[in-house]
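**Student:** If you read the protein sequences in the order shown, they are chains A and B. Per the numbering used here, the very first residue in the first sequence carries number 5; after that it's consecutive. Per the numbering used here, the very first residue in the second sequence carries number 5; after that it's consecutive.
Protein chains: 2
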Amino acid sequence: MDNIPQYRKLYEILRKHIVRGVYSEGDLLPSENELCATYGITRPTVRQALETLVKDGLILKKQGKGSIVRKPPQNIGILSIAGTASAVGVRYLKTDILQKPIVKTWSEDFPFELSELEQESGCVYMERLRYVEDEPVFYDVNHLPNLFLPRITQRSFENKSLFEILRKHYQIEILGGEQQLKAVKPTVKLRQLLHLKPGQPVLYIERKLQTNKEGFNIYSTIYFNSDKHAIFGSF
Amino acid sequence: MDNIPQYRKLYEILRKHIVRGVYSEGDLLPSENELCATYGITRPTVRQALETLVKDGLILKKQGKGSIVRKPPQNIGILSIAGTASAVGVRYLKTDILQKPIVKTWSEDFPFELSELEQESGCVYMERLRYVEDEPVFYDVNHLPNLFLPRITQRSFENKSLFEILRKHYQIEILGGEQQLKAVKPTVKLRQLLHLKPGQPVLYIERKLQTNKEGFNIYSTIYFNSDKHAIFGSF
DNA sequence: TTTTCTAACTTGTATATACAAGTTGTTTTG
DNA sequence: CAAAACAACTTGTATATACAAGTTAGAAAA
């Protein structure tokens with residue numbers, strides 16, 4: 005049964021319209037009142053959807069004027085919940101699964117604090133390499149608590165969104181998260197994986213994502229080649 | 005005359021309470037209904053203030069339970085509007101003005117697109133070095149359009165917030181912004197300024213901040229030593 | 001004493017309405 | 001023809017209210 009809130013439905017509709025070019029940069033979205041009429045919902049609900057588009061950097065609201073569509077960020081938005089860069093502006097993203105999901109224990113030096121439930125459950129571990137236009141751009145390692153995830157090690161993740169699989173098959177939604185970013189020197193392995201130039205540093209990101217399941221967070225560490233693409237954020 | 009919206013006033017009150025330790029990590033804020041009663045405002049207004057606290061990573065809301073105070077991020081939050089790290093969790097931030105504001109033309113290779121008004125006005129240029137606990141952590145270069153800023157070159161900026169000065173003396177408010185982050189190799193000058201180890205990279209951030217003045221944006225480029233501190237963001 | 005149930009709380013989502021403040025296009029006036 | 005005024009739009013802020021869904025503490029029952 006469908007219980008997605010109305011404001012999120014509208015957000016998705018408008019986001020898709022923007023990303024697919026139904027509205028171009030500089031266009032005005034339909035006014036709040038027009039959206040009320042079109043979708044049969046009220047203005048506070050419409051405004052909530054629009055606020056989320058602002059948050060994602062897709063529109064800029066101007067009092068008295070309207071909601072202006074912005075150029076979809078050409079760089080990879082990694083601050084938004086969407087997570088997968090395909091959500092915003094990047095032309096083509098391919099994913100290789102370097103290590104398919106396996107069950108293992110948490111490593112001793114795991115950088116995040118784990119809940120007791122998480123500690124006891126062990127983790128599902130996977131590694132991916134992500135490409136933009138056939139160039140490897142980021143290498144990410146995911147640790148998920150080994151909870152609520154029956155038979156996940158037997159699933160195929162090639163070119164699929166981890167979040168989509170979690171949502172569709174396990175009813176796990178990402179609610180929010182936090183991250184820390186640093187510039188670091190790459191290891192030899194990373195240099196090879198990401199096709200880095202000699203001496204070129206990488207962006208290192210530690211992310212902890214909260215979900216709708218109590219005590220179940222997703223932990224990502226990401227190494228990002230920021231030579232041609234930057235990490236983009238708006239606020 | 006005071007025309008700050010009520011939701012922002014409440015946000016500031018609660019933010020200060022959190023930052024000053026009136027509420028500690030793990031504490032619950034007063035409930036939405038309690039805040040309504042205490043401050044004589046309605047629940048949607050309270051919720052708007054709380055949403056902004058969530059956005060800044062200061063609280064986590066849990067349906068049925070309450071608003072839980074989070075550990076103030078120990079790292080420098082640079083994604084929020086507050087800008088100055090003193091807004092959130094950093095113990096001590098000192099600023100040296102390496103280049104006091106001067107009027108100059110925009111450089112040819114300026115990385116941002118400028119509005120016509122901005123191009124015609126020339127810019128106010130300044131350089132700062134920011135310290136956390138006496139360690140230089142970031143070096144930032146600001147370009148402001150030479151508009152609306154009489155006698156700004158004669159002002160003192162030592163250990164003062166640029167945004168405070170803009171707000172107080174020029175009625176310029178930051179409304180939002182966007183930024184791009186990359187990992188880069190530092191120049192010799194940067195290595196010296198930021199006390200970097202040999203081979204250590206820096207985080208490079210390009211920020212464009214929108215203000216309440218039409219056609220007036222603030223452009224910052226920041227070089228950040230992420231050895232001991234990370235850039236923090238929540239979403 | 002333990003388990004179950006219930007009431008009272010919490011935040012989440014939504015409707016309805018009103019006025020403030022900004023923008024823009026049209027009309028009126030000089 | 002240009003400038004000023006005005007109307008009609010826009011988003012911003014706020015109140016009021018209701019029900020959904022989650023959590024927790026206490027009471028009742030086993």
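Cβ atoms here follow ideal geometry from the backbone N, Cα and C, with glycine treated the same way.
I want to see whether chain A comes within less than 8 Å of Q184 of chain B, judged by CB atoms only; does it?
**Tutor:** Residue 184 of chain B sits at position 180 when you count from the first residue of the second sequence. Yes - at least one Cβ of chain A is within 8 Å of the one on Q184 of chain B.
**Student:** Does L83 of chain A have its Cβ less than 8 Å from a Cβ in chain B?
**Tutor:** Position 79 of the first sequence, counted from the start, is the residue given in the question as residue 83 of chain A. Its pLDDT being 48, under 50, L83 of chain A is placed unreliably by the model, and nothing is read from it.
**Student:** What does DSSP give as the partner residue(s) for T109 of chain A in the beta ladder?
**Tutor:** Within the first sequence, numbered from 1, the residue matching residue 109 of chain A stands at position 105. DSSP lists no partner for T109 of chain A.
**Student:** Where does the unbroken alpha helix (DSSP H) through K193 of chain A begin, and where does it stop?
**Tutor:** By one-based count along the first sequence, residue 193 of chain A stands at place 189. First-last of the alpha helix (DSSP H) with K193 of chain A: 192–198.
**Student:** Per DSSP, L213 of chain A is paired with what?
**Tutor:** Start at 1 with the first residue of the first sequence, and residue 213 of chain A comes out as number 209. In the DSSP output, where bridge partners are listed per residue, L213 of chain A has A:G181, A:I222.
**Student:** For E36 of chain B and T49 of chain A, I'd like the C-alpha separation in whole angstroms.
**Tutor:** Walking along the second sequence from the start, residue 36 of chain B turns up at place 32. Walking along the first sequence from the start, residue 49 of chain A turns up at place 45. C-alpha separation (whole angstroms): 19 Å.
**Student:** So is the beta-carbon of R155 of chain A under 7 Å away from any non-hydrogen atom of the ligand GDP?
**Tutor:** Ligands are entirely absent from the displayed structure, and the ligand GDP is therefore not among its contents.
**Student:** Which residues in the same chain have their Cβ closer than 6 Å to the Cβ of Y223 of chain B, if we skip the five residues on either side of it in sequence?
**Tutor:** The residue labelled residue 223 of chain B in the question sits at position 219 within the second sequence. Contacts found: F116, H147, K212.
**Student:** Rank B:N150, B:F220, B:G68 by C-alpha distance to the C-alpha of I106 of chain B and give the top, closest one.
**Tutor:** Along the second sequence, read from residue 1 onward, the residue named residue 106 of chain B stands at position 102. Comparing Cα-Cα distances from I106 of chain B to each of B:N150, B:F220, B:G68, the minimum goes to B:N150.
**Student:** At what residues does the beta strand (DSSP E) containing K172 of chain A begin and finish?
**Tutor:** Within the first sequence, the letter at position 168 stands for residue 172 of chain A. From DSSP, K172 of chain A is part of no beta strand (DSSP E) but of the alpha helix (DSSP H) over 166–174.
**Student:** Shorter than 8 Å from the beta carbon of A234 of chain B to some beta carbon of chain A?
**Tutor:** As a working mapping, residue 234 of chain B is identified with position 230 in the second sequence. Closer than 8 Å: yes.
**Student:** Let me make sure I understand the geometry here. Which of B:V23, B:T109, B:Q204, B:Q52 has the alpha-carbon closest to that of K13 of chain B?
**Tutor:** Position 9 of the second sequence, counted from the first residue, corresponds to residue 13 of chain B. Closest option to K13 of chain B, Cα to Cα, is B:Q52.
**Student:** DSSP three-state label for Y27 of chain B, please.
**Tutor:** In the second sequence, the residue the question calls residue 27 of chain B occupies position 23. Coil at Y27 of chain B, not helix or strand.
**Student:** Given a cut-off of 8 Å, decide if N229 of chain B and P140 of chain B are closer than it, judged by their beta-carbon atoms.
**Tutor:** Taking the first residue of the second sequence as position 1, residue 140 of chain B is located at position 136. Taking the first residue of the second sequence as position 1, residue 229 of chain B is located at position 225. A contact, by the Cβ cut-off of 8 Å.
**Student:** For a quick check, are the C-beta atoms of R47 of chain A and G61 of chain A less than 8 Å apart?
**Tutor:** Position 43 of the first sequence, counted from the first residue, corresponds to residue 47 of chain A. Position 57 of the first sequence, counted from the first residue, corresponds to residue 61 of chain A. No; because the gap between Cβ atoms is not below 8 Å, this pair is not in contact.
**Student:** For I176 of chain A versus K232 of chain A, is the C-beta distance shorter than 8 Å?
**Tutor:** By 1-based counting over the first sequence, the position of residue 176 of chain A is 172. By 1-based counting over the first sequence, the position of residue 232 of chain A is 228. Not in contact: I176 of chain A and K232 of chain A (Cβ atoms no closer than 8 Å).
**Student:** Does any CB atom of chain A fall closer than 8 Å to the CB of V141 of chain B?
**Tutor:** Translated into the one-based positions of the second sequence, residue 141 of chain B becomes position 137. No, V141 of chain B does not count as interfacial toward chain A.
**Student:** Assign S125 of chain A to one of two classes, buried (16 or more other C-beta atoms within 10 Å of its C-beta) or exposed (fewer than that).
**Tutor:** Taking the first residue of the first sequence as position 1, residue 125 of chain A is located at position 121. Buried: at least 16 other Cβ atoms inside 10 Å.
**Student:** Looking at chain A, which residues of the stretch 183–202 of chain B have a Cβ within less than 7 Å of any of its Cβ atoms?
**Tutor:** Q183, Q184, L185, K186, A187, V188, K189
**Student:** Which residue marks the beginning of the alpha helix (DSSP H) containing N229 of chain A, and which one marks its end?
**Tutor:** Within the first sequence, the letter at position 225 stands for residue 229 of chain A. Annotation for N229 of chain A: no alpha helix (DSSP H) segment contains it, and DSSP assigns it neither H nor E.
**Student:** Less than 6 Å between C-beta atoms, sequence neighbours within five positions excluded: which residues of the same chain meet that for W110 of chain A?
**Tutor:** Position 106 of the first sequence, counted from the first residue, corresponds to residue 110 of chain A. Within the same chain, W110 of chain A has close Cβ partners C127.
**Student:** Kindly indicate if chain A contains any beta-carbon less than 8 Å away from that of V23 of chain B.
**Tutor:** Within the second sequence, numbered from 1, the residue matching residue 23 of chain B stands at position 19. By this cut-off, V23 of chain B is not an interface position.
**Student:** Below 8 Å on the Cβ atoms is my guess for G30 of chain A versus I72 of chain A; work out the distance and round it to an integer in Å.
**Tutor:** For this step, residue 30 of chain A is matched to residue 26 along the first sequence. For this step, residue 72 of chain A is matched to residue 68 along the first sequence. With 8 Å as the limit, G30 of chain A and I72 of chain A qualify as a contact, their Cβ atoms being about 7 Å apart.
**Student:** Compare the beta carbon distance of Y187 of chain B and L207 of chain A with 8 Å and say whether it is the shorter of the two.
**Tutor:** On the second sequence, position 183 is the one that residue 187 of chain B refers to. On the first sequence, position 203 is the one that residue 207 of chain A refers to. Before going further, note that residue 187 of chain B is Ala rather than Tyr in the sequence given. Yes, the pair counts as a contact, with Cβ atoms nearer than the cut-off.
**Student:** What do you get for Q103 of chain B, buried or exposed, if any count of 16 or more other CB atoms within 10 angstroms of its CB means buried?
**Tutor:** Position 99 of the second sequence holds residue 103 of chain B. The residue in question, Q103 of chain B, is exposed, as its Cβ has fewer than 16 Cβ neighbours within 10 Å.
**Student:** Are Y174 of chain B and Y227 of chain B closer than 8 Å when you measure CB to CB?
**Tutor:** Locating residue 174 of chain B in the second sequence gives position 170, counting from the first residue. Locating residue 227 of chain B in the second sequence gives position 223, counting from the first residue. The answer is no: Cβ separation not under 8 Å.
**Student:** Taking the beta strand (DSSP E) that N146 of chain B belongs to, which residues open and close that run?
**Tutor:** Along the second sequence, read from residue 1 onward, the residue named residue 146 of chain B stands at position 142. Counted as a single uninterrupted DSSP element, the beta strand (DSSP E) harbouring N146 of chain B occupies residues 139–149.
**Student:** Name, please, each residue of chain A whose Cβ falls closer than 9 Å to the Cβ of S119 of chain B.
**Tutor:** Mapped onto the second sequence, residue 119 of chain B falls at position 115. Per Cβ cutoff of 9 Å: no residues; S119 of chain B is ~13 Å from chain A at best.
**Student:** Buried or exposed for N7 of chain B, going by 16 or more other Cβ atoms inside 10 Å?
**Tutor:** Here residue 7 of chain B corresponds to residue number 3 of the second sequence, with the count starting at 1. Label assigned to N7 of chain B: exposed.
**Student:** Any C-beta of chain B within less than 7 Å: which residues of the stretch 218–234 of chain A qualify?
**Tutor:** Hits within the stretch, in order: S230, A234.
**Student:** On the DSSP bridge assignment, give the partners of D60 of chain B in chain order.
**Tutor:** For the purposes of this step, residue 60 of chain B is taken as residue 56 along the second sequence, with counting starting at 1. DSSP lists no partner for D60 of chain B.
**Student:** Which residue marks the beginning of the alpha helix (DSSP H) containing E122 of chain A, and which one marks its end?
**Tutor:** Numbered from 1 along the first sequence, position 118 holds the residue referred to as residue 122 of chain A. Taken as a continuous stretch (DSSP letters only), the alpha helix (DSSP H) holding E122 of chain A covers 120–125.
**Student:** Step through the CB atoms of chain A and report whether any lies within less than 8 Å of the CB of L207 of chain B.
**Tutor:** The count along the second sequence starts at 1 and reaches residue 207 of chain B at position 203. Interface residue, yes.
**Student:** In the DSSP assignment, find the beta strand (DSSP E) that holds G70 of chain A and state where it starts and stops.
**Tutor:** On the first sequence, residue 70 of chain A is found 66 positions in, with the first residue counted as 1. Here the beta strand (DSSP E) through G70 of chain A covers 70–73.
**Student:** Is the shortest distance between the beta-carbon of G61 of chain B and the beta-carbons of chain A less than 8 Å?
**Tutor:** Locating residue 61 of chain B in the second sequence gives position 57, counting from the first residue. Yes, G61 of chain B lies at the interface with chain A (some Cβ there is under 8 Å from its Cβ).
**Student:** List, in chain order, every chain A residue whose beta-carbon is nearer than 7 Å to that of G30 of chain B.
**Tutor:** For this step, residue 30 of chain B is matched to residue 26 along the second sequence. The contacting residues do not exist; G30 of chain B stays about 13 Å from chain A at best.
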